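Here the structure is laid out as structure tokens; the discussion comes afterwards.
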Amino acid sequence: MSFRKFLISKSFFINLLVSFVLIGGILWYIFNYLDDYTLHGQTITVPDLSGMTIEELDSYMVEKKLRYVISDSIFDVKAKKGVVLEQDPKPDVKVKENRRVYIVVNALQAPKIKMPNLVDLSLKMAIATLETYGFTVGELEYKPDLARDAVIGQKINDEEIEPGTMVTKGATIDLVMGDGYSDEQVHVPMLIGLRMEEAILLLKTSSLNAGGFTFDESVITSSDTANARIWKQQPDFRAKMIHLGGYVDMGLTVDQNIIKVDTTYSAPPEAEGTP
12 MSFRKFLISK
22 SFFINLLVSF
32 VLIGGILWYI
42 FNYLDDYTLH
52 GQTITVPDLS
62 GMTIEELDSY
72 MVEKKLRYVI
82 SDSIFDVKAK
92 KGVVLEQDPK
102 PDVKVKENRR
112 VYIVVNALQA
122 PKIKMPNLVD
132 LSLKMAIATL
142 ETYGFTVGEL
152 EYKPDLARDA
162 VIGQKINDEE
172 IEPGTMVTKG
182 ATIDLVMGDG
192 YSDEQVHVPM
202 LIGLRMEEAI
212 LLLKTSSLNA
222 GGFTFDESVI
232 TSSDTANARI
242 WKQQPDFRAK
252 MIHLGGYVDM
262 GLTVDQNIIK
272 VDTTYSAPPE
282 AEGTP
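Numbered according to the numbering used here, the sequence shown terminates at residue 286, and the numbering increases by one at each position without gaps.
Right, here's the structure in full:
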């Protein structure tokens, strides 16, 4: 039989049909196998892992059919030790099962860093330096000294701390300031409407200290505490001036109805900026 006759023969068409069926079956098997292998079309929403501990993650990620990898460890003084601070992919991203989620956790131990030399710096510069190093600004103590509002000493727990000493990051540093041999007094800034951290910073830059904090009945949860704002202060910002390093007590609330910000109040020139 010639090749031309074979191409138009019944046998050729039967063989061609069988070939198509076999190829189609093979392709169907391959695509279905790959679909199962790659979990095509099956996605999982990445949960928000922030604030979770490693112990919590172990069982939680198995339940979610995901994996995690610790990519880095940093220290954030404001966060709990050992909890997740960052993640990649971000929450709510769609991923395949068994996907790795890379996390950054807060270190269990705070690193130690060298204490900077704050002596002779202005109050503003000392505060900025401490914050840059990751320290917390503590109490301001004023003593007779020619250098007004310049740092003349630095302390931790009432003990002098020498520059270069290894200190735990996040430690509270108290500053001893010179008063310029004066009995100078300063205006109390208006704190109404500010959050706690904002008020503390404003008091420090005004050469004053934060006194006691009281929370009213509206503050119940830790979230309330973080979002509470000052609704009263003592001494009042309209009151007479107080001595350098004086204390201001504050009351905080999340009840917006009792926060009365005096929009007509204008701070005295010497109270508007850093002394």
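Even glycine gets a Cβ: it sits at the ideal position worked out from N, Cα and C.
None of the values given here were measured: they were computed from a predicted structure.
Three-state secondary structure (DSSP) of ALA221: strand
Local Cβ density within 10 Å of SER218, reported as buried at 16 or more and exposed below that: buried
DSSP-derived helix/strand/coil call for TYR48: At TYR48 the pLDDT is 49, less than 50, meaning the model places this residue with poor confidence; the figure from the coordinates comes in the next sentence. Looking at TYR48 - three-state DSSP - the assignment turns out to be helix.
Burial state of ILE203, where buried means 16 or more other Cβ atoms lie within 10 Å: buried
Per-residue burial, PRO200 [other beta carbons within 10 Å of its own, 16 or more giving buried]: buried
Inter-residue spacing [alpha-carbon to alpha-carbon] between LYS75 and PHE226: 39 Å
Buried/exposed call for THR264, threshold 16 Cβ in 10 Å: buried
Assigned secondary structure, PHE31 (DSSP; H/G/I helix, E/B strand, else coil): helix
At least 3 beta-carbon pairs within less than 8 Å: the region 207 to 217 vs the region 113 to 124: no
Spatial distance of GLY288 from ILE172 (CA atoms): In the structure as shown, the chain begins at 12 and stops at 286. Residue 288 is therefore absent and cannot be evaluated.
Cross-strand partners of GLY189 (DSSP beta bridge): LYS154
Through-space distance from ALA121 to THR140, alpha-carbon basis: 19 Å
Where the beta strand (DSSP E) through VAL178 begins and ends: 177 to 179
According to DSSP, residues forming a beta bridge with TYR258: ASN220
DSSP-derived helix/strand/coil call for LEU205: coil
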